[in-house]
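Numbers in my numbering are just positions in the sequence shown, counted from 1, shifted up by 27.
From the three backbone atoms N, C-alpha and C, an ideal C-beta is built for every residue, glycine too.
In what follows, a structure is listed as structure tokens, so that the remarks can point back to it.
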Amino acid sequence: MAPEASHLDAPDSAIEDLGRSAEQVRQMDVATKCRLKRTLLFKDSLLKEKHRAFFDEHFMKHPVIHISFSLCKSASPEVFLEMTCEAVAKAANNWLDQYPLIKDVEVDNANRYLRRLQNTLDDYDSVQRQFEISADKHGRLLTLLFTRLSEFVGECIGKYILLLDEYDIPFIHAHLKLWSDKEKEEVQSSLKVLIQAMFK
28 MAPEASHLDA
38 PDSAIEDLGR
48 SAEQVRQMDV
58 ATKCRLKRTL
68 LFKDSLLKEK
78 HRAFFDEHFM
88 KHPVIHISFS
98 LCKSASPEVF
108 LEMTCEAVAK
118 AANNWLDQYP
128 LIKDVEVDNA
138 NRYLRRLQNT
148 LDDYDSVQRQ
158 FEISADKHGR
168 LLTLLFTRLS
178 EFVGECIGKY
188 ILLLDEYDIP
198 FIHAHLKLWS
208 DKEKEEVQSS
218 LKVLIQAMFK
């Protein structure tokens, strides 16, 4: 069963943008609020507008891993990759927060993947406390974070929708920055490996 808590991080006031009054929102149960908040993720989707039946059948049926790359910009390649890692780590932490709300999970298997994801997030936290982390190390951690998140959600629930907001920003930013050829190559290589992990 897909977790109904997928989008609890959006404020309840966001539902009012869908034409509901504040009083109506207050009276809704958690599952209804979460389904309405999920529709906000896809509010500008052409797929939703042009193929509503397909959208309702698939996109409202499966849980969503939502990663926003909108803030992935920096003057240095290391901080840039750190911010990209942070975007994936935020999505992973959102899923860890809602894990207790997910029903019908095969606990032993899910707990194994839960521990792997938590260990990777702990590694990420320890890396953040170090100084002068290489772009290569951030790149490896970036892909590992997503891989562990994907394994965890896949094991707990099965199929999921991967929603990448502003996925082009890291590529455009890396291309336009006045970094050395070596730095650009390291960053672009890290992004390429991440995208390959996401779409394999």
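According to the DSSP assignment, Leu-205 belongs to no alpha helix (DSSP H), since it is labelled neither H nor E. Apart from the 5 residues on each side of it in sequence, Glu-178 sits with its Cβ closer than 6 angstroms to the Cβ of Tyr-140 in its chain, given in chain order.
Three or more Cβ pairs closer than 8 angstroms define a contact, and the region 60 to 76 falls short of that threshold against the region 158 to 170.
With respect to the 8 angstroms criterion, Ile-188 and Phe-86 are classified as neighbours on the basis of their beta carbons. Take the alpha-carbon of Phe-107 and the one of His-78: they are about 36 angstroms apart. Look at Leu-168 here: in three-state DSSP terms it is helix.
In this structure, Glu-193 keeps its C-beta atom at 8 angstroms or more from the C-beta atom of Pro-104. As DSSP reads the structure, His-93 sits in a beta bridge with Leu-190.
The residue from Leu-176, Pro-197, Thr-59, Ser-207 with its alpha-carbon nearest to that of Leu-144 is Leu-176. In the same chain as Met-225, and ignoring 5 residues on each side of it, the C-beta atoms closer than 7 angstroms to its own belong to Phe-173, Leu-189, in chain order.
DSSP places Gln-155 in the helix class (H, G or I) of the three-state scheme. Annotation for Arg-47: no alpha helix (DSSP H) segment contains it, and DSSP assigns it neither H nor E.
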